[in-house]
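Enquirer: I'd like to ask some things about the structure below.
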Amino acid sequence: MTTLFGPDRTRLGYEEQEWSVWVSGMDDIHDKATLVEALELTNELNACFTQLRLNSSSDLDPVMYAVVLHHGYAWTASTEHALGLDCGVPACGPCSFDRAIPTGEAPRG
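Taking this note's numbering, the leading residue of the sequence shown gets 1, the next gets one more, and so forth.
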């Protein structure tokens, strides 16, 4: 069984790829340089898949989805936060604060 979110989630992509997009059904992975690029491709693919499904009269057509991956795992900001990880969103307050602290130094305050 494939679990996309939670503590026992399945890695669908590659750890060394910070951002990528996984396409279910085809099991393709598209490497992207940034979260924005991954979100844009995911949005475009999901919109196309939806239109194809709406235009089809067959119940046998495959259903496909595009999912943003962060280091190979399905990504949502809330999932990353729940697991205590940096969500990767540049404007995220808590994560931005953590990024500003050099490794090995405790936060001041």
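A virtual CB, placed ideally from N, CA and C, is assigned to each residue, including glycine.
Report yes if the CB atom of S31 is closer than 8 angstroms to the CB atom of S20, and no otherwise.
Expert: As a first step, residue 31 must be located in the sequence shown, where it is residue number 31. As a first step, residue 20 must be located in the sequence shown, where it is residue number 20. The question names Ser, yet the displayed sequence has Asp at residue 31. For D31 and S20, yes; Cβs fall inside 8 angstroms.
Enquirer: Here's a check: name, in chain order, each residue in its chain whose Cβ is nearer than 8 angstroms to the Cβ of L39, leaving out the five neighbours to either side.
Expert: Counting from one through the sequence shown, the residue named residue 39 turns up at place 39. Cβ neighbours of L39 beyond the five flanking positions: V68.
Enquirer: Taking all protein chains shown into account, decide if G88 is buried (16 or more other Cβ within 10 angstroms of its Cβ) or exposed.
Expert: By one-based count along the sequence shown, residue 88 stands at place 88. Label assigned to G88: buried.
Enquirer: What is the rounded straight-line gap between the Cα of S96 and the Cα of H71?
Expert: As a first step, residue 96 is located in the sequence shown; it is residue number 96 there, counting from the start. As a first step, residue 71 is located in the sequence shown; it is residue number 71 there, counting from the start. Cα-Cα distance, rounded: 18 angstroms.
Enquirer: Pull up the CB-CB distance for L153 and A74, whole angstroms please, since I reckon it's below 8 angstroms.
Expert: Because the chain spans 1 through 109 in this model, residue 153 falls outside it and cannot be assessed.
Enquirer: Would you tell me roughly how many angstroms separate the C-alpha atoms of L45 and L83, rounded to the nearest one?
Expert: Numbered from its first residue, the sequence shown carries residue 45 at position 45. Numbered from its first residue, the sequence shown carries residue 83 at position 83. Spanning the two alpha carbons is a distance of roughly 27 angstroms.
Enquirer: What number of angstroms, rounded off, separates the C-alpha of S58 from the C-alpha of T50?
Expert: The sequence position of residue 58 within the sequence shown is 58, counting from 1. The sequence position of residue 50 within the sequence shown is 50, counting from 1. Their backbone Cα atoms lie some 14 angstroms apart in a straight line.
Enquirer: What's the C-alpha gap between N55 and L4?
Expert: Numbered from 1 along the sequence shown, position 55 holds the residue referred to as residue 55. Numbered from 1 along the sequence shown, position 4 holds the residue referred to as residue 4. About 28 angstroms.
Enquirer: Can you check whether the CB of A77 is closer than 8 angstroms to the CB of T42?
Expert: For the purposes of this step, residue 42 is taken as the residue at position 42 of the sequence shown. For the purposes of this step, residue 77 is taken as the residue at position 77 of the sequence shown. For T42 and A77, no; Cβs fall outside 8 angstroms.
Enquirer: Are G25 and M1 touching if we call contact CB-CB under 8 angstroms?
Expert: Counting from 1 along the sequence shown, the entry for residue 25 is found at position 25. Counting from 1 along the sequence shown, the entry for residue 1 is found at position 1. No, Cβ-Cβ distance for G25 and M1 is not below 8 angstroms.
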